[in-house]
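*Asks:* First residue of the sequence shown? That's 38 in my numbering, and the numbers climb one at a time after it.
The beta-carbon is built from N, C-alpha and C at its ideal position, and this holds for glycine as well.
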Amino acid sequence: MPPRAVWDGVTDRSCYRQREVERRDRLADAARAGDWSAVFGWLDANPGLVNVGRVGGSSGYTVLHQAAWHGTDVGTAERLLDLGAWRTLRAGSGERAIDIAERRGHRHLVSMLRPVIRHPVPPDVLGGLQRQLHALVEQRAGELIRKHAARLPQLGPLTELENPQFWFPVPRMYGGFSYRLDGMELVVDSWCRVVGGSGQTHRVMADGIQLVESGWG
38 MPPRAVWDGV
48 TDRSCYRQRE
58 VERRDRLADA
68 ARAGDWSAVF
78 GWLDANPGLV
88 NVGRVGGSSG
98 YTVLHQAAWH
108 GTDVGTAERL
118 LDLGAWRTLR
128 AGSGERAIDI
138 AERRGHRHLV
148 SMLRPVIRHP
158 VPPDVLGGLQ
168 RQLHALVEQR
178 AGELIRKHAA
188 RLPQLGPLTE
198 LENPQFWFPV
208 PRMYGGFSYR
218 LDGMELVVDS
228 WCRVVGGSGQ
238 THRVMADGIQ
248 LVESGWG
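1) What's the call for Val111, buried or exposed, on a 16-neighbour Cβ count within 10 Å?
2) Who are the near neighbours of Trp228 in its chain, counting only those whose CB is closer than 6 Å to its CB and skipping five residues on each side?
3) Identify, in the order they occur along the chain, each residue of the same chain with its Cβ nearer than 7 Å to the Cβ of Arg188, setting aside the five sequence neighbours on each side.
4) Excluding the 5 residues preceding and the 5 following Leu163 in the sequence, name in chain order all residues of the same chain whose CB lies nearer than 6 Å to its CB.
5) Return the residue from the list Asp244, Glu197, Gly233, Ala42 that minimises the CA-CA distance to Ser251.
6) Kindly indicate the opening and closing residues of the beta strand (DSSP E) around Leu248.
7) In whole angstroms, what is the alpha-carbon distance linking Phe77 and Arg69?
8) Going by the CB atoms, is the gap between Ala178 and Ile246 shorter than 8 Å?
9) Kindly list the residues whose CB is nearer than 7 Å to the CB of His102, restricted to its own chain and excluding five residues on each side of it in sequence; keep chain order.
10) Among the candidates Met242, Leu218, Ala105, whose CA atom is the shortest distance from the CA of Met149?
11) If we call anything under 8 Å between Cβ atoms a contact, is Arg217 one with Val207?
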């Protein structure tokens with residue numbers, strides 16, 4: 038089974054070493070400029086950056102959003118998708134890559150950017166799950182989330198992954214939240230690795246949260 042994906046919610050540049058911030062800035066600069074040779078140079082060496090934007094950036098654009106904005110050729114977009122770019126990921130405006138391409142009139146990209154859903158969940162259920170997950174994160178780590186202005190997870194990408202599981206590391210928590218799709222529900226494990234017995238497992242439904250187990254870890 039493919040490894041779980043990572044939801045990178047960090048917006049506070051002080052949470053990273055300067056070298057990491059600069060690396061992400063250069064990738065974001067290259068994508069914004071439409072310099073795809075430079076983009077793939079960075080992504081070939083750092084494939085885990087394909088779904089992240091500039092740290093602290095307001096647009097929330099990843100390389101796929103930028104490709105849609107520029108109206109890049111089909112081959113470039115296909116290569117980004119092959120690297121694991123998420124079609125369902127929404128930028129700060131709420132737009133997916135397909136929405137940006139349609140708005141900009143880049144019809145040649147629309148079919149390719151249409152999300153391929155492996156785990157269908159009705160929109161109202163997915164929205165409910167996302168709200169409940171955010172409530173759980175607030176309950177468990179709200180102070181850290183607010184202090185570092187972390188972006189909470191979008192659940193759309195869960196539905197397009199072969200392995201519908203994510204890891205959401207919370208800045209300065211020394212841990213975070215592992216969440217996976219289980220039918221129309223989520224199973225969420227959360228812990229702080231420097232606090233013994235802090236582990237909790239919850240089942241998240243569209244209309245509520247149930248504590249399943251606590252005290253582990």
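*Replies:* Taking the coordinates as given:
1) exposed
2) Gly212, Ser235, Gly236, Gly254
3) Gly46, Thr48
4) Leu192
5) Gly233
6) 245-253
7) 13 Å
8) no
9) Ala128, Ala134, Ile137
10) Ala105
11) no
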